[in-house]
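Numbering-wise, the working numbering comes out as the position in the sequence shown, counting from 1, plus 1321.
Built from N, CA and C at the ideal position, the CB exists for glycine as well.
All figures in this text were calculated on a predicted structure; none of them were measured in a lab.
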Amino acid sequence: MIKIKAIDHIVIRARDIDRMIEFYRDVLGCPVEKRVDAIGLVHLRAGQSLIDLVSVDGELGRKGGSPPGSEGLNMDHFCLRIEPFNLEELRHHLKQNSIDAGDLHMNFGAEGDGPSIYIKDPEGNVIELKGPSGLK
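Given below as structure tokens:
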């Protein structure tokens, strides 16, 4: 039987990998952990997990077909559990980086119901930033 402990990593195909690295590193605080430039892959640390960016022009990215665009994205969204979840400070940080945080939602996640806001990365991928359960 398979028992899943956590999400190890997600992979996002990127049209402009440098801009995406800047967003995930500088806005969301995910440092670059490893690069494999020969195949167009960058691993960024997101807590205990990784966010992998793959250039659509690289060896690995070309295997995925057409790049994401207005006709469709690579995924609906992914969720990053963050702490602390101080809505005012979070909105301020995002606004400083020209990012619209949208409305506050109470959503169910791995830890139960908790606050969430949704943002988009530079290529339109939706990211849910989720606080701890029980927080209102």
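- Within the same chain, Cβ atoms closer than 8 Å to the Cβ of LYS1451 are found at CYS1400, LEU1401, ARG1402, ILE1403, PHE1406, ASN1428, GLY1430, GLY1435, PRO1436 and SER1437, the five residues on either side in sequence being excluded.
- Contact between ILE1448 and HIS1398 holds, since their C-beta atoms are separated by about 6 Å, short of 8 Å.
- The residue from GLY1382, LEU1349 and ASP1424 with its alpha-carbon nearest to that of GLN1417 is LEU1349.
- Taking a 10 Å sphere around the C-beta of MET1396, we find fewer than 16 other C-beta atoms and assign the residue as exposed.
- For ASP1358, the number of other beta carbons within 10 angstroms of its own is below 16, and it is reported as exposed.
- For MET1341, the enclosing alpha helix (DSSP H) has its first and last residue at 1338 to 1343.
- Relative to the Cα of GLY1368, the nearest Cα in the group ALA1335, LYS1326, PHE1344 and PRO1352 belongs to PRO1352.
- By the criterion of a C-beta distance shorter than 8 Å, ASP1329 is surrounded in its chain by SER1370 and LEU1371, once the five residues flanking it on both sides are discounted.
- ILE1360 and PRO1443 have their C-alpha atoms some 22 Å from each other.
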